[in-house]
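Note sheet for the following structure.
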Amino acid sequence: MAVSTLDRDQPIPAIDATESWLAPRWWGALAGMTAVLAALGAGQLAAGFQSDAKHPVVSVGDRVIDHVPAAIKRFGIDLFGTSDKTALIIGTIIIMCLLGAAAGVIALRRSVYLGMGIVAVFGVVGVLAATTGDGPTDPWYPSVFAAAAGAGVLWIFHRWSYPPAPPAESIDEPPPDRRRFLMGAAAISAGAVVAGLAGSGLRSRFAAELQRAGVRLPTPSVALPPLPIDPAAEIPGLSTFIIPNDRFYRIDTAIIPPSVTLADWTLTIDGMVDRPVTFTYDDLSKRKLIEVDVTISCVSNEVGGELVGNARWTGVRLDELLELAGMSPNADQIVGHSVDGWTGGFPTSIIDGRDAIVAIGMNGEVLPVEHGFPARLIVPGLYGYVSATKWIKRIEITRFDQVEGYWIPRGWSALGPIKTQSRIDTPGSGGRLTAGTVPIAGVAWAPTRGISKVEVQVDDGPWMVATLGSEVSSSTWRQWWVSWTATPGAHTIHVRATDGDGQTQTPNLADVAPNGATGWHTVGVDVA
595 MAVSTLDRDQ PIPAIDATES WLAPRWWGAL AGMTAVLAAL GAGQLAAGFQ SDAKHPVVSV
655 GDRVIDHVPA AIKRFGIDLF GTSDKTALII GTIIIMCLLG AAAGVIALRR SVYLGMGIVA
715 VFGVVGVLAA TTGDGPTDPW YPSVFAAAAG AGVLWIFHRW SYPPAPPAES IDEPPPDRRR
775 FLMGAAAISA GAVVAGLAGS GLRSRFAAEL QRAGVRLPTP SVALPPLPID PAAEIPGLST
835 FIIPNDRFYR IDTAIIPPSV TLADWTLTID GMVDRPVTFT YDDLSKRKLI EVDVTISCVS
895 NEVGGELVGN ARWTGVRLDE LLELAGMSPN ADQIVGHSVD GWTGGFPTSI IDGRDAIVAI
955 GMNGEVLPVE HGFPARLIVP GLYGYVSATK WIKRIEITRF DQVEGYWIPR GWSALGPIKT
1015 QSRIDTPGSG GRLTAGTVPI AGVAWAPTRG ISKVEVQVDD GPWMVATLGS EVSSSTWRQW
1075 WVSWTATPGA HTIHVRATDG DGQTQTPNLA DVAPNGATGW HTVGVDVA
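Number 640 in the numbering used here belongs to position 46 of the sequence shown; there are no gaps in the numbering.
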C-alpha cells in the first residue's frame, strides 16, 4: 500500500514494517530520548507541588538502595565513595534513555501503541517504588504525570513522522517534515528543561535549606574551650583536627536529603517508657545545650579510608531526654527513626555517662541539611549504621528481639563498637619523595577509649613512636606525626595505634562486613 493513497482526513494507523516508508531509526531514538527528557521534566514539575513528593527517579533509587544486596552497596561505596548516590541517579537516567530510545524506534517503525506502552511501564515502576518500601510511602502522581508526558511526546513524534498528508511523491526521499521533526525535538527538550527548573523552584518553597536559613543556633549552656593550635597548619597533608562541614563525609541511604518543615517536625520518645514525650525544635533549642567533640565513622570505612571525621557537635544530652520518658528496665535497645524511614538501634547500656546527644548544631553552625537537619543522633564509640540517625523524628525504646535496625537484616552485626584504627595521611600511597627528612603523619581514633600511642614502621625497621597531638577528648581522633630520614628507593610504611585500654591494633586484615575493618594501614612510596 502506498502512503500517498491515504486520505488526508483519516487518522494515521499504527505503522509496521509493511509500510512503503519508515522513519529512520535515528528519528525513533531521538524521539524516545526526547520523551524521556520530557518525562523527567514533568516528574520534577509534578513533585514540586508537594513537600513530601519525590522525583520518580529518586523513588526508584530509594527502593534500589533498600533491596540491593549489601555486597553491591559496599562495591558502590568503594567505587564512587560519597558520590555513590549521584552515580546511581546518573546510571538510572542513562538506562532510561537507552530504553527510551528503543521505545522510540518501536513507536516510529512498528507500533506507536507498543512504544507508548513501554513508557507506561516506567510509570508503573515509579508508582510501585513510591508506594512500597520499608519507610514512609511517597506520593504516586509524579510518576503518572511523567509517564503520561513521555507517552504523549511519543505520540506527537509519531504524528510528525507520519502526517495524514502524503509525506512525499517519491518513497525514496525523506519526508519534507524532517526539519519540523528536529525543531520539534529541540522545542520539547527546551520545554522539559523549563518544566524541571520550574519544579525545582516550586520545591524550594519546601526545601529544608530555607528552613535552616531561618534558624539561629543558640549559645550552648556548656561551651567547650577554644581548640589548641592545629598541627595540620605546620604539616602539609595532615588532616585538620576539625573537619569542616562541607568536607565532612556523608553516607546514608537517602538519595536526596529529606525536606523537613520545622512547623510540622517533632521528636517523640516512646515505646517501653513510663510516659511518651514529644519535643518541637523550639523545645530542644531552649533546653540545656552542650558542646561535644566526637569522631564518628562509617562501618564501611576500609583501613586507611576517609569515611571518618571529627566535629564539634551542639545538642541536648540523650540521657536527660530519656530520663524524662522513663525507660523500662526490661528494654535493651534504643532505636532512632528517621523521617525517611531509616532506623538504627544500639544497646541501652550505652547510656553510661558518655556524651551521647541529640545534635542540632555542627562546628558552630545549625546542623547542615545533608548531615541531618533539624536533628540527629551522635553516640560516641558506635559506628553510624547503628547509632547516627539523621533527620530523626522518633526514638523508640524497645528490645533487640522485637525490632531490628535497617542494616541488621542485611547482614551487619547488631552491635557496632568502633574499632581502634589509624591512618597515614601523608605521604600518600604511590607518592614520589625527595631523599631527606620528610614527615609521616596522620590520625588515629578509638572513640570513648582514646589513643595512648601511635607507632610507625618503615620497611622492616624498628617501630618509631610518633608524637601525638593534644587529646581534646577520649571520643575524638588524635593527630600524630614522626620525622623520617628518607633514603633513595622503594619503601613501605606501616602504622598502628594503641588505645587508652592498652589494646594495640591487630595486623590481621578483615573486611568491613559485618562489623568494621581491621588491619594496619600501609602505603608504598618511591624516594629519589
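Glycine residues also receive a C-beta, built at the ideal position from the N, C-alpha and C atoms.
Alpha carbon to alpha carbon, how far is residue i from residue j?
i: W621; j: S737; result: 26 Å
i: V902; j: R1017; result: 10 Å
i: R948; j: W1114; result: 28 Å
i: A944; j: Q927; result: This sequence places Ile at residue 944; Ala is not what is there. Taking the straight line from one Cα to the other gives about 9 Å.
i: I1045; j: S1069; result: 9 Å
i: A826; j: Y735; result: 51 Å
i: T813; j: H1088; result: 43 Å
i: G920; j: P1003; result: 29 Å
i: L1062; j: A1035; result: 10 Å
i: A740; j: A780; result: 19 Å
i: H965; j: T855; result: 16 Å
i: G637; j: A807; result: 27 Å
i: V809; j: D876; result: 10 Å
i: L639; j: G744; result: 14 Å
i: I890; j: D824; result: 19 Å
i: L748; j: L693; result: 13 Å
i: L918; j: F716; result: 49 Å
i: D864; j: A905; result: 29 Å
i: G899; j: W1039; result: 13 Å
i: G1010; j: I688; result: 37 Å
i: G746; j: A617; result: 18 Å
i: L776; j: L634; result: 20 Å
i: L1103; j: G1055; result: 21 Å
i: N839; j: N957; result: 7 Å
i: V888; j: I836; result: 10 Å
Please work out which residues of its chain come closer than 6 Å, Cβ to Cβ, to residue i, disregarding the five sequence neighbours upstream and downstream, and give them in chain order.
i: S764; result: Annotation note: pLDDT 46 at S764 (below 50); position unreliable, coordinate value reported separately. None.
i: R988; result: T862 and H931
i: M1058; result: V1050 and V1076
i: L708; result: I700
i: M690; result: V630
Rounded C-beta distance between residue i and residue j? I'm assuming under 8 Å.
i: E914; j: A817; result: Not confirmed; about 17 Å, so no contact.
i: I556; j: W1071; result: The question about residue 556 has no answer, for the chain in this structure spans 595 to 1122.
i: T1140; j: A950; result: Outside the modelled stretch of the chain, which goes from 595 to 1122, sits residue 1140, for which no answer is possible.
i: G939; j: V929; result: 4 Å
i: R1090; j: Q1099; result: 5 Å
i: I829; j: P1033; result: 5 Å
Excluding the 5 residues flanking residue i on each side, which residues of the same chain have their C-beta closer than 7 Å to its C-beta?
i: G1022; result: V1117
i: P768; result: A caution first: P768 carries a pLDDT of 48, below 50, which makes its placement in the model unreliable, though a value can still be read off. Answer for P768: no residue qualifies.
i: T1042; result: R948, P974, G975, S1068 and S1069
i: P1101; result: G1113 and W1114
i: D1019; result: G831, L832, S833, A1035, G1036 and V1037
i: G955; result: L811, W907, T908, G909 and L961
i: A623; result: A695, G698 and V699
i: P1082; result: A1029, V1121 and A1122
i: L916; result: I863 and I945
i: D1095; result: R1043
Only counting the same chain, and skipping five residues up and downstream in sequence, which positions put a Cβ closer than 8 Å to that of residue i?
i: K882; result: S815, V816, V910, R911 and E914
i: T1031; result: S1077, W1078, T1079 and A1080
i: D766; result: The predicted position of D766 is uncertain, since its pLDDT is 48 and thus under 50; a value taken from the coordinates is nonetheless stated next. Contacts found: none.
i: M866; result: M921, S922, N924, A925, I991, T992 and R993
i: G1025; result: V1117, V1119 and D1120
i: V654; result: T686, V719, G720 and A723
Going by the CB atoms, is the gap between residue j and residue i shorter than 8 Å?
i: A1008; j: I986; result: no
i: A1138; j: G626; result: Not covered by the structure: residue 1138. The range shown for the chain is 595 to 1122.
i: Y977; j: G1110; result: yes
i: T1014; j: D1093; result: yes
i: W936; j: T983; result: yes
i: D732; j: A848; result: no
i: V1048; j: A1060; result: yes
i: V1066; j: L722; result: no
i: V1106; j: E959; result: no
i: V719; j: H752; result: no
i: S894; j: I850; result: no
i: P870; j: W1006; result: no
i: R703; j: R619; result: yes
For the ligand SAM, is there any heavy atom lying closer than 7 Å to the beta carbon of residue i?
i: D946; result: The ligand SAM is not part of the structure shown, which contains no ligands of any sort.
Checking contacts by CB at 8 Å: is residue i closer than that to chain D?
i: V929; result: Given the protein chain composition of this structure (a single chain), no chain D is represented.
Problem set entry | Secondary structure, beta strand (DSSP E): runs of 3+ residues fully inside the segment 903-941 | As summarised for the segment 903-941, the continuous beta strand (DSSP E) elements at least 3 residues long and confined to that stretch are 927-932 and 937-941, given in chain order.
Exercise. What are the start and end residues of each continuous beta strand (DSSP E) run of 3 or more residues lying completely inside the segment 686-722, in chain order?
Worked result: Entirely contained in the segment 686-722, not one beta strand (DSSP E) run reaches 3 residues.
Exercise. Of all the alpha helix (DSSP H) runs that stay within the bounds of the segment 1031-1058, which reach a length of 4 or more residues?
Worked result: Counting whole runs of 4 or more residues, the segment 1031-1058 contains no alpha helix (DSSP H) stretch at all.
Exercise. Which residue spans inside the segment 818-897 form an unbroken alpha helix (DSSP H) run of at least 4?
Worked result: Counting only runs of 4+ residues, the alpha helix (DSSP H) found wholly inside the segment 818-897 occupies 875-880, in chain order.
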